[in-house]
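Student:
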RNA sequence: GUCCCCAUCGUCUAGCUGGCCCAGGACAUCGGCCUUUCACGUCGACGACAGGGGUUCAAAUCCCCUUGGGGACGCCA
């Protein structure tokens with residue numbers, strides 16, 4: 469059997485991390501078994517679906533590296549197809565027309581509830597033999613007894629008694645297919661072999677299986693991935709902060725890091741935490757999936773991102789970092805300097821966003837350097853300034869200006885005056901970078917070069 | 001209300017067919033080391049089998065109940 473999986477988002481919002489994770493699982497599963505991964509846009513709700521969201525979702529998928537095969541299928545273009553299938557069901561006696569009003573159905577539900585049962589439609593029109601009419605709906609005739617069961621790839625065997633199900637609407641008055649009908653038709657037509665989707669669909673599964681059975685088609689395999697909860701164990705929502713994929717993109721996360729983190733939420737491969745995309749494809753076989761919901765931990769996500777950031781080639785980082793550098797408002801900066809400095813910042817930043825901010829003091833002109841006031845007061849005392857002045861002279865006397873000679877100049881100065889490095893280091897650092905943190909000073913001064921270094925030291929002394 | 005799913009450190013998890021687990025790894029937290037700062041790194045500490053019954057020579061691992069959490073019950077998707 470050839471493996472075909474799908475991701476079927478509804479374009480009523482941006483791609484969120486929950487959806488992203490099921491998409492990733494689906495994609496990995498298909499890739500691992502060398503199958504196909506296809507997309508379907510579930511845009512039958514014309515009220516809430518927009519092209520902007522469709523574009524945004526596709527863009528996020530692309531950014532994450534989840535390439536799909538063929539053109540995405542749009543449900544809104546397939547109403548006629550769904551009607552054909554509904555007609556088949558009507559012809560075979562598996563479905564019937566119903567003219568009950570919403571109020572009437574609501575009453576039936578309340579009655580059932582009053583009896584302590586699950587609210588359902590009572591099957592009033594089953595035997596009335598109603599003819600088609602524009603405002604009439606089509607309902608599925610579900611079996612009177614029995615159970616619907618399926619072996620979930622993640623949760624194992626799940627059974628539902630048909631007593632829990634009612635004669636669901638397949639086609640609305642007006643002729644539009646309902647969600648469950650459209651999904652089944654599409655999955656059949658698209659030859660989907662494995663339906664990997666969110667946990668919230670387990671209750672739809674028996675309904676859909678009933679439609680498959682009525683159609684005389686073997687259902688695909690189902691795998692329901694657990695939901696992602698917020699840090700407080702509640703359903704993920706806006707108050708948990710950024711949750712759309714594009715938000716993480718603008719926060720400076722690496723797509724492979726987001727994928728890595730999301731996959732590990734509910735899946736494991738021994739004790740391994742960091743995976744490349746290739747390793748993921750290699751290891752993800754649809755097994756070892758956790759059936760319990762997981763909480764989203766932004767801190768660990770950042771940590772995973774930091775690991776990927778460090779492992780990446782500096783040249784690649786630079787091109788990814790460029791947009792963030794440009795957002796800094798420098799209005800132009802020395803690209804070569806930035807490029808050469810990347811490796812110094814790789815181990816200290818957790819995101820591209822952070823990295824750009826950390827590099828600002830290095831990249832800005834001396835005149836725009838912002839000083840940390842308390843650091844200046846603490847380190848750039850009269851004595852500190854005297855050291856800075858002396859070091860400026862020492863640097864100017866250098867015939868070769870490279871990392872080693874700069875370092876020697878500093879150490880030479882320290883030794884000659886019989887003082888500790890601590891006496892001059894902080895002052896020099898604040899003078900060069902404006903604050904107390906940052907990479908090794910010799911590296912920074914060398915990269916800055918004699919002219920820029922001199923300008924910074926002069927400005928610091930005059931503070 | 002009814003049905004479905006879930007239950008190991010604060011969080012993500014290892015623990016697949018019970019003994020190698022008085023439970024391992026990772027994030028976070030705390031402390032040591034490294035270091036010219038801040039990070040990185042490194043070493044260590046803290047920290048969990050929800051509760052109760054069974055089954056068994058032996059249970060985190062199997063069964064049942066309770067509790068807790070989540071989801072679903074639309075002519076929404």
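In this note's numbering, the protein residues as written are 469 to 931.
By construction, the Cβ of each residue, glycine as well, lies at the ideal position given by its N, Cα and C atoms.
Which full runs of the alpha helix (DSSP H) of 4+ residues lie inside the segment 502–551, going along the chain?
Tutor: 519–532
Student: Beta carbon of residue 838, beta carbon of residue 902: below 8 Å?
Tutor: yes
Student: Excluding the 5 residues preceding and the 5 following residue 853 in the sequence, name in chain order all residues of the same chain whose CB lies nearer than 6 Å to its CB.
Tutor: 929
Student: List the DSSP bridge partners of residue 757.
Tutor: 735
Student: Going straight from the alpha carbon of residue 515 to that of residue 844, what length do you get?
Tutor: 58 Å
Student: Would residue 589 and residue 634 qualify as a contact pair, given that the criterion is a beta-carbon distance under 8 Å?
Tutor: yes
Student: Rounded to a whole number of angstroms, what is the C-alpha to C-alpha distance between residue 675 and residue 749?
Tutor: 32 Å
Student: Note down the Cα distance separating residue 546 from residue 513, rounded to an integer number of angstroms.
Tutor: 13 Å
Student: Taking a contact to mean a Cβ-Cβ separation below 8 Å, would you say residue 490 touches residue 693 in this structure?
Tutor: yes
Student: Just verifying my parser: in three-state terms, what is the DSSP assignment at residue 670?
Tutor: coil
Student: Which runs of the alpha helix (DSSP H) spanning at least 4 residues fall entirely within the segment 859–900, listed in chain order?
Tutor: 871–884
Student: Does the beta-carbon of residue 511 have 16 or more other beta-carbons within 10 angstroms, so that it is buried, or is it exposed?
Tutor: buried
Student: Name the DSSP bridge partner or partners of residue 473?
Tutor: 505 and 662
Student: Determine, using beta-carbon pairs with one atom in the segment 539–555 and one in the segment 637–654, whether at least three such pairs fall under 8 Å.
Tutor: yes
Student: Just to confirm before moving on: does the CB-CB distance between residue 776 and residue 756 stay below 8 Å?
Tutor: Contact: no.
Student: Please state the DSSP three-state secondary structure of residue 607.
Tutor: strand
Student: Only counting the same chain, and skipping five residues up and downstream in sequence, which positions put a Cβ closer than 8 Å to that of residue 840?
Tutor: 898, 902, 903 and 904
Student: Would you list, in sequence order, the uninterrupted beta strand (DSSP E) runs of no fewer than 3 residues that lie entirely inside the segment 574–637?
Tutor: Qualifying beta strand (DSSP E) stretches, in chain order: 605–608, 615–620 and 624–629.
Student: By a C-beta neighbour count over all protein chains shown, 10 Å radius and 16 as the cutoff for buried, is residue 596 buried or exposed?
Tutor: exposed
Student: Could you spell out the range, first to last residue, of the beta strand (DSSP E) harbouring residue 693?
Tutor: 689–693
Student: Here's the rule: buried if 16 or more other CB atoms are within 10 angstroms of the residue's CB, otherwise exposed. What is residue 554?
Tutor: buried
Student: On the criterion of 16 or more Cβ atoms from any shown chain inside 10 Å, does residue 619 qualify as buried, or is it exposed?
Tutor: exposed
Student: Which of the three DSSP states is assigned to residue 696 in this structure?
Tutor: strand
Student: Which word fits residue 508, buried or exposed, when buried means at least 16 other C-beta atoms lie within 10 angstroms of its C-beta?
Tutor: buried
Student: So for residue 553, helix, strand or coil by DSSP?
Tutor: Helix, per DSSP.
Student: Look at residue 638 and residue 607 and say whether their C-beta atoms are less than 8 Å apart.
Tutor: yes
Student: Specify the secondary structure class of residue 680 as computed by DSSP and reduced to three states.
Tutor: helix
Student: How many Å lie between residue 887 and residue 483 at the Cα?
Tutor: Approximately 59 Å, taken between the alpha carbons.
Student: Check whether the segment 799–816 touches the segment 906–917, counting contact only when three or more Cβ pairs, one atom from each stretch, lie closer than 8 Å.
Tutor: yes
Student: What are the boundary residues of the alpha helix (DSSP H) that includes residue 647?
Tutor: 647–657
Student: Do residue 714 and residue 494 come within 8 Å of each other at the CB atom, strictly closer than that value?
Tutor: no
Student: Let me check one thing: in DSSP terms, what residues is residue 703 bridge-paired to?
Tutor: 697
Student: Quick check on DSSP: helix, strand or coil for residue 639?
Tutor: strand
Student: Roughly how many angstroms separate the alpha carbons of residue 701 and residue 763, rounded to a whole number?
Tutor: 6 Å
Student: Please report the straight-line C-alpha distance between residue 830 and residue 717, rounded to a whole angstrom.
Tutor: 24 Å
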